[in-house]
Amino acid sequence: MKTCFFSRFSKGLVLSISILCLISCNHTDDVTPTGQVQFQFTHVVGSLPLALNATQYTNAAGESFYVKTFKYYVSNIKFIRADGSEYAQPESYYLVNEGDSASKTFTIPNVPIGTYTGVNFMIGVDSTRNVSGAQTGALDALNDMFWSWKTGYIFVKMEGTSPSSTASGNRIEYHIGGFQNPNNIRTATFSLGNNKLYIKSDSTSSIHFQTDVGQLFQTPNLIKFAETPALMTEPKTADIADNYSDMFSIVSIQTGNP
């Protein structure tokens, strides 16, 4: 009787282990290999590299100016496949700051392998995070990009001086945010054409973006420092938001080696 019991027990144990092994193997097989993508940002004003407090630039209205501060949020990054499906990076909030060179390069982990024909990201911070109060990391209020829990985050900040400005000290200040009225959240979308983004397992690919500060003040809306030396919460901030939709371009794409 005991022999029969132990025989059944042994068979049951072996069967259970076999099932667990099978489940484990199947689970492993279901894991999608991933790679990572590095985003690199270079800042310019037209054809000139951006140099804070050092180089004099000219806007589309012919007004000269210097840039003291330039920073903005990149968030909700998505990679688009040829069939239209997307991979959205969870918790993707990055503050790109000309005054902090390290912030102009960041790496997006765990991107499923495959071929991607497009990429897009939000310029600013989505409404959910805007009403969540000050947070940590890129969204920390100490980054000087947060107004209050009612008004939320500044999406794009540009400060400087211009002799054309009528403001005190010839300052020019543009703090653009708002997710209600006006809603200044914009999305930058890139079709990669023949320069597809290939993600390989355990490798790093990269996309090099160029951001043109001068675009803040032109196309489709011409902003003159003499008329509008500062904007923060006014409805006209939407004019600059429409302009910064087009301030990004892709310089190059590189596929990493496994």
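In mature numbering (1 follows the signal peptide of the UniProt record, and there is no 0), the protein residues as written are -28 to -1, 1 to 230. Each residue gets a CB set at the ideal place from its N, CA and C atoms; glycine is no exception.
What residue range does the alpha helix (DSSP H) around Ile157 cover?
Run containing Ile157: none; DSSP gives neither H nor E here.
Can you give me the start and stop residues for the alpha helix (DSSP H) that Ser99 sits inside?
Ser99 to Asn102
Helix, strand or coil at Cys(-8) according to DSSP, with G and I counted as helix:
Residue placement at Cys(-8) is flagged as unreliable, the pLDDT there being 49, under the threshold of 50; the coordinate-derived value follows with that caveat. Residue state, collapsed to three classes: helix.
Can you give me the Cβ contacts of Gly96 inside the same chain, cut-off strictly under 6 Å, excluding the 5 residues immediately before and after it?
Tyr45, Phe127 and Ile157
Taking the alpha-carbon positions, what's the Thr87 to Phe51 distance?
10 Å
Tell me Ile225's beta-bridge partners as DSSP assigns them.
Ile179
Same chain, Cβ closer than 6 Å to Ala60, five either side skipped, listed in chain order
Lys50
Determine contact between the region 150 to 169 and the region 132 to 142, defined as no fewer than three beta-carbon pairs at a distance below 8 Å.
no
Residue range of the beta strand (DSSP E) that Ala60 falls in?
Glu58 to Ala60
Identify which residue in Val3, Ala32, Val9 and Ala202 has its Cα closest to the Cα of Lys168.
Val9
When burial is assigned at 16 or more other CB atoms within 10 Å of the CB, is Asn25 buried or exposed?
exposed
Does Leu111 pass the burial test, meaning 16 or more other C-beta atoms within 10 Å, or should it be called exposed?
buried
Give every residue of the same chain whose Cβ lies closer than 7 Å to the Cβ of Ala160, excluding the five residues on either side of it in the sequence, and list them in chain order.
Asn92, Phe93, Ile95, Ser217 and Phe220
Bridge partners of Asp184, per DSSP?
Val16
Where the beta strand (DSSP E) through Ile49 begins and ends:
Ser36 to Arg53
Through-space distance from Pro81 to Val17, alpha-carbon basis:
31 Å
Please work out which residues of its chain come closer than 6 Å, Cβ to Cβ, to Asp184, disregarding the five sequence neighbours upstream and downstream, and give them in chain order.
Val16 and Met219
Identify whether Asn92 lies in helix, strand or coil by the three-state DSSP scheme.
strand
Same chain, Cβ closer than 7 Å to Phe162, five either side skipped, listed in chain order
Gly90, Val91, Asn92 and Ile222
Beta-carbon contacts of Val83 that lie in its chain and below 7 Å, excluding the five residues immediately before and after
Thr6, Gly7, Gln8, Val9, Phe51, Tyr59 and Ile171
Three-state secondary structure (DSSP) at Asn166?
coil
Backbone secondary structure at Lys76 - three-state DSSP:
helix
How big is the Cα-Cα spacing for Thr205 and Leu20?
30 Å
Taking 7 Å as the cut-off, decide whether the C-beta atoms of Pro201 and Ile144 are in contact.
yes
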